[in-house]
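Enquirer: Under full-length UniProt numbering, the first residue of the sequence shown carries the number 1, and numbering increases by one thereafter. Every residue gets a Cβ at the ideal spot worked out from N, C-alpha and C, and that includes glycine.
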Amino acid sequence: MSKKLLDKIYEGHKLQDKYGKEFYEEAKEILEHPIVLQMKQFNHHSQTSCYQHCVHVAYYCYKLAKILGWDEKALMKGGLLHDLFLYDWHDYTPGKNERLHGFEHPNKALYNAHKYFKLTRKEGDIIVKHMFPLTLTLPSYKESYVIIMVDKFVTSCEVLDRFFKTKKRILNQKAR
(Lines of atoms letter the chains of each structure in order from A; the text may use other names.)
(Lines give C-alpha, C1' and ligand atoms only; values in the text may rest on other atoms or scores of the structure.)
Protein backbone atom coordinates (compact mmCIF):
# COMPACT_ATOMS: atom_id res chain seq x y z
CA MET A 1 0.00 0.00 0.00
CA SER A 2 1.53 3.29 -1.03
CA LYS A 3 2.10 6.27 1.23
CA LYS A 4 -0.17 8.37 -0.97
CA LEU A 5 -3.09 5.98 -0.44
CA LEU A 6 -2.61 5.98 3.33
CA ASP A 7 -2.42 9.78 3.32
CA LYS A 8 -5.74 9.88 1.48
CA ILE A 9 -7.29 7.48 3.96
CA TYR A 10 -6.09 9.36 7.04
CA GLU A 11 -6.51 12.89 5.76
CA GLY A 12 -9.59 12.49 3.58
CA HIS A 13 -11.91 13.75 6.28
CA LYS A 14 -10.22 17.09 6.71
CA LEU A 15 -12.12 20.18 5.70
CA GLN A 16 -11.04 20.08 2.05
CA ASP A 17 -13.19 16.97 1.60
CA LYS A 18 -16.72 17.41 0.27
CA TYR A 19 -18.24 16.01 3.49
CA GLY A 20 -15.58 17.10 5.97
CA LYS A 21 -16.97 20.41 7.14
CA GLU A 22 -20.47 18.99 7.50
CA PHE A 23 -19.15 15.99 9.43
CA TYR A 24 -17.21 18.13 11.90
CA GLU A 25 -20.17 20.45 12.44
CA GLU A 26 -22.43 17.46 13.18
CA ALA A 27 -19.81 15.71 15.34
CA LYS A 28 -18.50 18.75 17.25
CA GLU A 29 -20.46 18.20 20.46
CA ILE A 30 -19.34 14.56 20.73
CA LEU A 31 -15.75 15.26 19.61
CA GLU A 32 -15.34 17.92 22.31
CA HIS A 33 -16.98 15.94 25.12
CA PRO A 34 -14.49 15.37 27.99
CA ILE A 35 -15.11 11.61 28.12
CA VAL A 36 -14.51 11.25 24.37
CA LEU A 37 -11.34 13.35 24.63
CA GLN A 38 -10.04 10.80 27.15
CA MET A 39 -9.73 8.34 24.25
CA LYS A 40 -6.72 10.37 23.07
CA GLN A 41 -4.75 8.83 25.97
CA PHE A 42 -5.02 5.29 24.67
CA ASN A 43 -3.01 3.77 21.85
CA HIS A 44 -5.34 1.70 19.71
CA HIS A 45 -3.85 0.27 16.52
CA SER A 46 -0.15 0.84 16.03
CA GLN A 47 0.44 4.59 16.32
CA THR A 48 -3.21 5.63 16.19
CA SER A 49 -5.03 6.73 19.33
CA CYS A 50 -8.46 5.36 20.12
CA TYR A 51 -9.82 8.86 19.48
CA GLN A 52 -8.20 9.11 16.03
CA HIS A 53 -9.42 5.63 15.13
CA CYS A 54 -13.00 6.47 16.09
CA VAL A 55 -12.89 9.72 14.11
CA HIS A 56 -11.62 7.86 11.03
CA VAL A 57 -14.31 5.19 11.34
CA ALA A 58 -17.07 7.71 12.02
CA TYR A 59 -16.09 9.90 9.09
CA TYR A 60 -16.04 7.08 6.54
CA CYS A 61 -19.30 5.67 7.91
CA TYR A 62 -20.82 9.14 7.64
CA LYS A 63 -19.60 9.56 4.08
CA LEU A 64 -20.90 6.16 2.99
CA ALA A 65 -24.26 6.82 4.62
CA LYS A 66 -24.55 10.16 2.81
CA ILE A 67 -23.79 8.47 -0.51
CA LEU A 68 -26.23 5.61 0.14
CA GLY A 69 -28.95 7.81 1.63
CA TRP A 70 -28.85 5.94 4.96
CA ASP A 71 -28.84 7.29 8.54
CA GLU A 72 -25.60 9.28 8.60
CA LYS A 73 -26.21 10.73 12.08
CA ALA A 74 -26.57 7.29 13.66
CA LEU A 75 -23.44 6.07 11.89
CA MET A 76 -21.49 9.17 12.88
CA LYS A 77 -22.48 8.85 16.54
CA GLY A 78 -22.04 5.08 16.62
CA GLY A 79 -18.68 5.40 14.87
CA LEU A 80 -17.41 8.01 17.31
CA LEU A 81 -18.47 5.95 20.33
CA HIS A 82 -17.89 2.37 19.13
CA ASP A 83 -14.59 2.03 21.02
CA LEU A 84 -15.44 4.13 24.09
CA PHE A 85 -14.03 1.52 26.48
CA LEU A 86 -11.49 3.90 28.12
CA TYR A 87 -8.50 1.67 28.84
CA ASP A 88 -5.38 0.50 27.04
CA TRP A 89 -6.50 -2.80 25.58
CA HIS A 90 -2.88 -3.88 25.15
CA ASP A 91 -2.66 -4.10 28.96
CA TYR A 92 -6.14 -5.58 29.44
CA THR A 93 -6.48 -8.68 31.60
CA PRO A 94 -9.96 -10.20 31.61
CA GLY A 95 -11.62 -10.20 35.01
CA LYS A 96 -13.58 -13.08 36.47
CA ASN A 97 -16.33 -14.16 34.04
CA GLU A 98 -14.89 -11.90 31.31
CA ARG A 99 -13.57 -12.86 27.91
CA LEU A 100 -10.77 -11.34 25.83
CA HIS A 101 -10.92 -7.65 24.92
CA GLY A 102 -12.27 -8.27 21.40
CA PHE A 103 -15.37 -9.90 22.85
CA GLU A 104 -15.83 -7.58 25.84
CA HIS A 105 -15.17 -4.07 24.57
CA PRO A 106 -18.36 -3.56 22.51
CA ASN A 107 -20.45 -3.96 25.68
CA LYS A 108 -18.10 -1.72 27.67
CA ALA A 109 -18.28 0.92 24.93
CA LEU A 110 -22.08 0.68 24.87
CA TYR A 111 -22.24 1.02 28.66
CA ASN A 112 -20.05 4.15 28.58
CA ALA A 113 -21.90 5.62 25.61
CA HIS A 114 -25.25 5.19 27.41
CA LYS A 115 -23.76 6.71 30.55
CA TYR A 116 -22.72 9.95 28.83
CA PHE A 117 -24.96 10.25 25.75
CA LYS A 118 -28.54 9.67 24.76
CA LEU A 119 -28.58 6.84 22.22
CA THR A 120 -31.20 5.48 19.89
CA ARG A 121 -31.62 1.72 19.54
CA LYS A 122 -29.92 1.91 16.17
CA GLU A 123 -26.90 3.76 17.61
CA GLY A 124 -26.65 1.19 20.40
CA ASP A 125 -26.82 -1.65 17.86
CA ILE A 126 -24.06 -0.01 15.81
CA ILE A 127 -21.81 0.18 18.88
CA VAL A 128 -22.45 -3.24 20.37
CA LYS A 129 -22.38 -5.19 17.08
CA HIS A 130 -19.37 -3.53 15.44
CA MET A 131 -17.17 -6.58 16.11
CA PHE A 132 -19.41 -9.05 14.25
CA PRO A 133 -18.69 -11.88 13.43
CA LEU A 134 -16.38 -12.09 16.48
CA THR A 135 -19.42 -11.23 18.57
CA LEU A 136 -21.99 -13.67 17.27
CA THR A 137 -25.22 -11.67 17.46
CA LEU A 138 -26.36 -10.46 14.05
CA PRO A 139 -26.74 -6.71 13.55
CA SER A 140 -30.33 -5.44 13.47
CA TYR A 141 -29.79 -2.49 11.12
CA LYS A 142 -28.12 -2.01 7.75
CA GLU A 143 -26.07 0.82 9.28
CA SER A 144 -24.54 -1.67 11.72
CA TYR A 145 -23.12 -3.62 8.77
CA VAL A 146 -21.50 -0.44 7.46
CA ILE A 147 -19.51 0.11 10.65
CA ILE A 148 -18.44 -3.55 10.70
CA MET A 149 -16.85 -3.16 7.27
CA VAL A 150 -15.47 0.36 7.76
CA ASP A 151 -13.96 -0.48 11.17
CA LYS A 152 -12.12 -3.47 9.71
CA PHE A 153 -10.92 -1.42 6.73
CA VAL A 154 -9.65 1.46 8.88
CA THR A 155 -8.01 -0.96 11.34
CA SER A 156 -6.26 -2.72 8.46
CA CYS A 157 -4.95 0.61 7.15
CA GLU A 158 -3.70 1.62 10.59
CA VAL A 159 -1.88 -1.68 11.10
CA LEU A 160 -0.49 -1.72 7.54
CA ASP A 161 0.78 1.83 7.97
CA ARG A 162 2.91 0.67 10.90
CA PHE A 163 4.06 -2.40 8.95
CA PHE A 164 5.23 -0.35 5.97
CA LYS A 165 6.97 2.22 8.17
CA THR A 166 8.80 -0.58 10.01
CA LYS A 167 9.71 -2.31 6.75
CA LYS A 168 11.08 0.94 5.31
CA ARG A 169 13.13 1.59 8.48
CA ILE A 170 14.62 -1.94 8.37
CA LEU A 171 15.46 -1.65 4.67
CA ASN A 172 17.13 1.73 5.27
CA GLN A 173 19.21 0.26 8.11
CA LYS A 174 20.34 -2.66 5.92
CA ALA A 175 21.33 -0.26 3.14
CA ARG A 176 23.81 1.54 5.41
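1) Around the Cβ of K63, are there at least 16 other Cβ atoms within 10 angstroms (buried) or fewer (exposed)?
2) Does the separation of the CB atoms of V54 and D17 fall below 8 angstroms?
3) So, for A74: in the same chain, excluding its five sequence neighbours on each side, which residues have a beta-carbon less than 7 angstroms away from its beta-carbon?
4) Going by C-alpha to C-alpha distance, which of V159, S156, D151, E158 sits closest to M76?
5) May I ask you to report which of helix, strand or coil DSSP gives T155?
6) Measuring only the C-alpha atoms, how far is T135 from A109?
7) Could you spell out where the alpha helix (DSSP H) holding Y141 opens and where it closes?
8) Closer than 8 angstroms by C-beta to W70: which residues in its own chain qualify, once you throw out the five before and the five after it? Chain order, please.
9) Could you say which of K40, V36, H33, L80 lies nearest to H56 if we only look at CA atoms?
10) Give the C-beta separation of L85 and H114 to the nearest angstrom, bearing in mind that I take them to be a contact with Cβ-Cβ under 8 angstroms.
11) Applying the 10 Å Cβ sphere with the 16-neighbour rule, what's the burial state of Y111?
12) CB K66 to CB Y19, shorter than 8 angstroms?
13) Less than 8 angstroms between the CB atoms is what I'm expecting for L154 and Y60, so what's the real figure, rounded?
14) Give me, in chain order, the residues of the same chain whose beta-carbon lies closer than 6 angstroms to that of I35; leave out the 5 immediate sequence neighbours on both sides.
15) Taking just the CA atoms, how far does M131 sit from T48?
Expert: So, to answer that:
1) Per the 10 Å Cβ criterion, buried.
2) It is worth fixing the name first, because residue 54 is Cys in this sequence and not Val. The Cβ atoms of C54 and D17 do not sit closer than 8 angstroms to each other.
3) Same-chain partners within the cutoff: T120, K122, E123, I126, E143.
4) D151
5) helix
6) 14 angstroms
7) No alpha helix (DSSP H) contains Y141, which DSSP labels as neither H nor E.
8) L64, K142, E143, V146
9) L80
10) Sequence check: residue 85 is Phe here, not Leu. Between the beta-carbon of F85 and that of H114 there is about 13 angstroms, and that puts the pair past the 8 angstroms contact cut.
11) exposed
12) yes
13) A small fix is needed here, since residue 154 is Val in this sequence, not Leu. Their Cβ separation, rounded to whole angstroms, is 7 angstroms, which keeps V154 and Y60 in contact under 8 angstroms.
14) Taken in chain order, the residues that qualify are Y116.
15) 19 angstroms
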